[in-house]
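Working notes for the structure below.
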Ligand SMILES: [Fe+2]
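Residue numbers (the working numbering): 8 to 301.
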């Protein structure tokens, strides 16, 4: 296995080659990959033409799979295209046709274009995400990643002190409201209960590397003991700061790329493409975090 970085980001984003994810991996290979995720936060594997079962098997090397379901999207069980081991981040319905413009599922998925960390709105937030590009758009559809360790390191001392013990409320309701998605019109009160906000610390530490990160996300809607408008202004400023180009890697997808990212130390967002016409079939598996953070 070869793990290479690029000059501009010596400790962020590595390219992994000479490994075939269709095959079983040895323990030393799994450890090498896991160490690399902790060290580089984003790993890019090219030319991995895997199926769902192979993606699930590979994901399980790193922990328990986080089931995709009613707390993370609004797709009803009968309308799912993929098993609950996979989060469907395509623009497709179960007949493999693009969602129409007004489809609530499409509008809900547009939230992925905001900077976020996966499942930060769950009590135990996601550890790693693995995204496999089965079919890509001809244009657009990049994914961008921002390094929350460097962003933390570069904060001034006063801000570091200010954020040290900050606690934020995360919910899908907050990120979808930013886009004008009307939860109360589209969802029942029972469904809305699934999106009850959870609290997370704003600063966390990777126990393996001892590096601190800012646990930021557009799912944040409030800081504990702050009013909402002050919270939003502060969080938006922080997101703008933390996603400057010096902290950011832009990935232009090729078919069969697979990317693993560490949600504990990055944010990411999807970029626009012609989603009413083109089929972009991206399938995500997610490794469950190990513990509650508060
Ligand atoms: Fe995501």
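Yeah, the Cβ is synthetic: ideal placement off N, Cα and C, and Gly gets one too.
In the DSSP output, what is residue i paired with across the bridge?
i, result
"residue 52", "23, 265"
"residue 191", "Residue 191 is not bridged to any residue."
"residue 10", "23"
"residue 207", "175"
"residue 142", "288"
"residue 95", "290"
"residue 307", "Here the chain has residues from 8 to 301 only, and residue 307 is not among them."
"residue 295", "133"
"residue 220", "211"
"residue 105", "99"
"residue 229", "176"
"residue 16", "13"
"residue 72", "294"
Under 8 angstroms by Cβ, that's how I've got residue i and residue j pegged, so tell me the actual separation to the nearest angstrom.
i, j, result
"residue 178", "residue 128", "5 angstroms"
"residue 45", "residue 216", "6 angstroms"
"residue 201", "residue 78", "5 angstroms"
Taking 8 angstroms as the threshold (C-beta atoms), are residue j and residue i in contact?
i, j, result
"residue 271", "residue 213", "yes"
"residue 23", "residue 8", "yes"
"residue 168", "residue 301", "no"
"residue 263", "residue 54", "yes"
"residue 50", "residue 292", "no"
"residue 115", "residue 81", "yes"
"residue 147", "residue 16", "no"
"residue 246", "residue 175", "no"
"residue 135", "residue 269", "yes"
"residue 173", "residue 249", "no"
"residue 265", "residue 57", "yes"
"residue 99", "residue 88", "yes"
"residue 73", "residue 299", "no"
"residue 124", "residue 274", "yes"
"residue 42", "residue 90", "no"
Residue i: which of the options sits nearest, CA to CA?
i, options, result
"residue 188", "113, 245, 175", "113"
"residue 40", "233, 181, 67", "67"
"residue 13", "47, 34, 78", "47"
"residue 251", "25, 69, 117, 159", "159"
"residue 244", "215, 33, 261, 225", "225"
"residue 93", "32, 204, 61", "61"
"residue 171", "203, 239, 230", "230"
"residue 295", "182, 70, 282, 193", "70"
"residue 239", "182, 261, 156, 203", "182"
"residue 210", "86, 162, 253", "162"
"residue 63", "201, 31, 273, 299", "31"
"residue 34", "85, 10, 65", "65"
"residue 120", "97, 109, 133, 103", "97"
"residue 153", "254, 258, 36", "254"
"residue 185", "261, 236, 219", "236"
"residue 284", "108, 28, 18, 166", "108"
"residue 166", "259, 42, 242", "242"
"residue 191", "59, 111, 18, 90", "111"
"residue 25", "52, 85, 104, 267", "52"
"residue 219", "126, 76, 43, 157", "157"
"residue 267", "75, 84, 133", "133"
"residue 261", "27, 36, 145", "145"
"residue 76", "258, 164, 36, 126", "126"
"residue 83", "104, 180, 195", "195"
"residue 117", "234, 198, 180", "180"
**Prompt:** Between the segment 279-288 and the segment 136-150, do at least 3 Cβ pairs fall closer than 8 angstroms?
**Reply:** yes
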